[in-house]
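In this note's numbering, the protein residues as written are 1 to 214.
Please read the structure below before turning to the comments.
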Amino acid sequence: MNLVFLGPPGAGKGTQAKRLAREKGLVHISTGDILRDAVKRGTPLGLKAKEFMEKGQLVPDDLIIALIEEVMPPEGGVIFDGFPRTVPQAQALDEMLERKSLRLSKVILFEVDEDTVVERLSGRRTCPSCGAVYHIKFNPPKEDEICDRCKSPLVQREDDKEEVVRNRLRVYREQTAPLIDYYKRRDILVSLDASKDIESVYSDLLRVLNEEGD
Ligand code: AP5
Numbered sequence: 001m002n003l004v005f006l007g008p009p010g011a012g013k014g015t016q017a018k019r020l021a022r023e024k025g026l027v028h029i030s031t032g033d034i035l036r037d038a039v040k041r042g043t044p045l046g047l048k049a050k051e052f053m054e055k056g057q058l059v060p061d062d063l064i065i066a067l068i069e070e071v072m073p074p075e076g077g078v079i080f081d082g083f084p085r086t087v088p089q090a091q092a093l094d095e096m097l098e099r100k101s102l103r104l105s106k107v108i109l110f111e112v113d114e115d116t117v118v119e120r121l122s123g124r125r126t127c128p129s130c131g132a133v134y135h136i137k138f139n140p141p142k143e144d145e146i147c148d149r150c151k152s153p154l155v156q157r158e159d160d161k162e163e164v165v166r167n168r169l170r171v172y173r174e175q176t177a178p179l180i181d182y183y184k185r186r187d188i189l190v191s192l193d194a195s196k197d198i199e200s201v202y203s204d205l206l207r208v209l210n211e212e213g214d
């Protein structure tokens with residue numbers, strides 16, 4: 001099974017992808033997580049990506065496509081979270097999968113309105129050590145601002161400031177939303193109501209994956 005999780009920032013793609021990957025033994029490839037790690041470590045990729053990410057712009061396609069080629073397991077079994085985000089990235093993914101005799105099983109579209117996105121991102125906290133994601137209201141840690149798993153102090157992502165979030169939403173509408181039609185034409189797009197609570201979205205996700213086979 002190879003899945004793409006598509007949807008606006010804050011739709012809950014990462015939250016659901018982490019759990020599904022853990023429970024189904026899939027590889028979770030989040031380009032955002034990989035880029036943030038590269039920025040933190042100051043690698044050549046991180047140095048190039050930093051200025052785009054801080055402004056809420058997309059990192060250039062050539063860097064992202066090279067990154068995916070590097071991390072893609074030869075046997076597949078992947079959830080792509082936050083990739084592809086442009087038509088050229090989607091075309092590059094198609095070519096790469098074809099070369100490996102793999103294919104996309106489904107593209108899951110996480111649908112949620114923009115006010116919900118702003119509320120979710122302004123309350124998001126992440127663990128800089130283990131990558132766990134919380135929300136101060138919808139998914140709070142047991143101890144205030146401390147990671148349940150590794151006890152590190154939680155942080156707020158730089159690009160979760162309101163003006164950067166508004167820009168990320170504009171970039172999504174202009175550059176990423178065209179992928180909805182791209183995958184609809186292939187008949188592999190399935191929409192989920194991502195405005196429901198975390199558990200309900202996860203049950204709906206399992207249902208569409210089971211119902212539609214693979
Ligand atoms: P990236 O990290 O991919 O950010 P994103 O797509 O904007 O997605 P988010 O991580 O913000 O949201 P999410 O949908 O994963 O939501 P989450 O589960 O965390 O990208 C960051 C940057 O990297 C980009 O701006 C760009 O610069 C660059 N980049 C990355 N990929 C790229 C690419 N392919 N090409 C070019 N550039 C790229 O949930 C959000 C919050 O809501 C959390 O607090 C969570 O606890 C809470 N929550 C989740 N689900 C629910 C629910 N159902 N109900 C209530 N709360 C919920």
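Note that beta-carbon positions come from the ideal geometry of N, C-alpha and C, so glycine has one too.
Would you tell me roughly how many angstroms separate the C-alpha atoms of residue i and residue j, rounded to the nearest one?
i, j, result
"P141", "V190", "31 Å"
"G12", "I180", "17 Å"
"R36", "Q156", "13 Å"
"L206", "A21", "12 Å"
"A90", "F138", "32 Å"
"M53", "V171", "12 Å"
"I29", "V4", "10 Å"
"D214", "A66", "Here the model assigns D214 a pLDDT of 47, short of 50, so the residue's position is not dependable, and the following value carries that caveat. Computed Cα separation, rounded: 28 Å."
"R149", "A132", "8 Å"
"L63", "K161", "25 Å"
"R99", "G77", "15 Å"
"S195", "L109", "12 Å"
"L58", "V87", "13 Å"
"L192", "N167", "24 Å"
Which term fits residue i, buried or exposed, when burial requires 16 or more other beta carbons within 10 angstroms of its beta carbon?
i, result
"T15", "buried"
"T31", "buried"
"R85", "buried"
"K151", "exposed"
"R103", "exposed"
"K184", "exposed"
"G25", "exposed"
"D81", "buried"
Going by DSSP in three states, residue i sits in which element: helix, strand or coil?
i, result
"E143", "coil"
"F80", "strand"
"K137", "coil"
"D214", "Because D214 sits at a pLDDT of 47, beneath the cut-off of 50, its placement in the model cannot be relied upon, and the following sentence gives the value as read from the coordinates. Coil."
"R207", "helix"
"D159", "helix"
"R124", "strand"
"V165", "helix"
"I108", "strand"
"D37", "helix"
"I188", "coil"
"S129", "coil"
"V59", "coil"
"P74", "coil"
"D193", "strand"
"P153", "strand"
"L3", "strand"
"S101", "coil"
Given 8 Å as the limit, tell me if residue i has its C-beta closer than that to any heavy atom belonging to the ligand NAD.
i, result
"M53", "Ligands present in the displayed structure are limited to the ligand AP5, and the ligand NAD is not among them."
Segment contact, 8 Å Cβ cut-off, at least three pairs: the segment 114–134 with the segment 57–76: Touching, no, given that fewer than three Cβ pairs across the two stretches are closer than 8 Å.
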